[in-house]
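Quick note on our numbering: the sequence shown kicks off at 7 and runs consecutively. Contents: one structure, followed by commentary.
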Amino acid sequence: MKGMIDRKVIEDLQKQISHLQGNVHSSQEHVSSLGLGQIESAFTDHIFPRGAVHELISNSSEAATCTSGFMSVIISKMMERSGYCLWISNTPRRSIYPPALMNFGIDPGKILFVDTAKPKDTLWAIEEALKCDALIAVVGELTELSFSDSRRLQLAVEKSHVTGFIHRFQPKTENAVACVTRWRITPIASDISNVPGMGFPRWRVQLLKARNGRPDNWQVQYSSLGFEYINQPVIVPQIITLKTG
């Protein structure tokens, strides 16, 4: 009997620690993975953290486009059965072309786009949206994010269980924030040997920080089959023999 009580206490403590680390899931999602493959293996229980805020940093327009694609893949998985998403941007910086969302399995009619005039309006709109438990996800595009502001966003999702994606374009500094993860997505060359046209998009996905996981990086290709992981090339050191005499 005492052993059963001890196990219950340990399980409760593990759940509390996981919650404090930002590994929060809604009652409908807490046992399900998103089917992202190796990326999810970097997190606790191989599940992408939901009910948390994720930070993504882009330092170029090309990287911003890749980042929008990466977020769209994850959001499409989260919205497979139902739900809506709010995409909030600071005019005119929105980095997504709405009809292109269909390439990632998202009905653009389920995304509400909000364009704000000032960065402070963007931040206010993001925080209010994250408090709305009728939403599945919120994307916020801005440049600067202070630690105190990020903490407010994280506190909001811990109550609503909405998943937030904060896409920072060319921030002055990559300062510490309260977000559960920090990502950097950059383009790599597509393989056009077996596909007509430009080929499928390929990205280097870097998980720079993970409060409830371990940092890692992957090379992925996105197609109608989802993420396909590209094997890293093996570099064989060249041995040079010097002859003397």
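Built from N, CA and C at the ideal position, the CB exists for glycine as well. Just so we're clear, the structure is a prediction, and the values are computed from it rather than from any experiment.
With a threshold of 16 other beta carbon atoms within 10 Å, F233 meets it and is buried. Residues S95, T97, R100 of the same chain have their beta carbon placed closer than 7 Å to that of D121, with the five preceding and five following residues left out of the count. Comparing alpha-carbon positions, the option among S78, F171, S64, L231 lying closest to R56 turns out to be F171.
Around the beta carbon of W130, fewer than 16 other beta carbons lie within 10 angstroms, which makes this residue exposed. In this structure T149 is not in contact with C72, their Cβ atoms being roughly 18 Å apart against a cut-off of 8 Å.
In the pairwise beta carbon analysis, the segment 171 to 181 is classified as touching the segment 49 to 69: at least three pairs are separated by under 8 Å.
Bridge pairing for K215: R188 [DSSP].
Between W224 and the set Q44, N109, A69, the nearest pair of CA atoms involves Q44. Under the criterion of beta carbons closer than 8 Å, C91 and V145 qualify as touching, at roughly 7 Å. The C-beta separation of L40 from I80 comes to about 7 Å, placing the pair in contact by the 8 Å criterion. Excluding the 5 residues flanking it on each side, D155 has same chain C-beta neighbours closer than 7 Å at L129, in chain order.
The DSSP assignment places complete beta strand (DSSP E) segments of no fewer than 3 residues inside the segment 48 to 104 at 59 to 64, 91 to 96, in order along the chain. Less than 7 Å divides the Cβ of S74 from the Cβ of I102. For the set I194, C138, P105, L151, the Cα lying nearest the Cα of Q176 is the one of L151. At the C-beta level, I194 and R217 stay beyond 7 Å of one another. Cβ atoms of F206 and N181 stay farther apart than 8 Å, at about 34 Å.
Residue state for I132 is assigned as helix, using DSSP reduced to three classes.
In the structure shown, P177 adopts coil according to DSSP, grouped into three states. Here the C-alpha atom of H167 lies approximately 7 Å from the C-alpha atom of D139.
Rounded to whole angstroms, the separation of the alpha carbons of Q212 and S47 is 14 Å. Note: Q225 is bridge-paired with R210 in the DSSP secondary-structure output. DSSP places E150 outside both helix and strand once states are collapsed to three, so it counts as coil.
Contact annotation: G89 and I132 have beta-carbon atoms that are not nearer than 7 Å.
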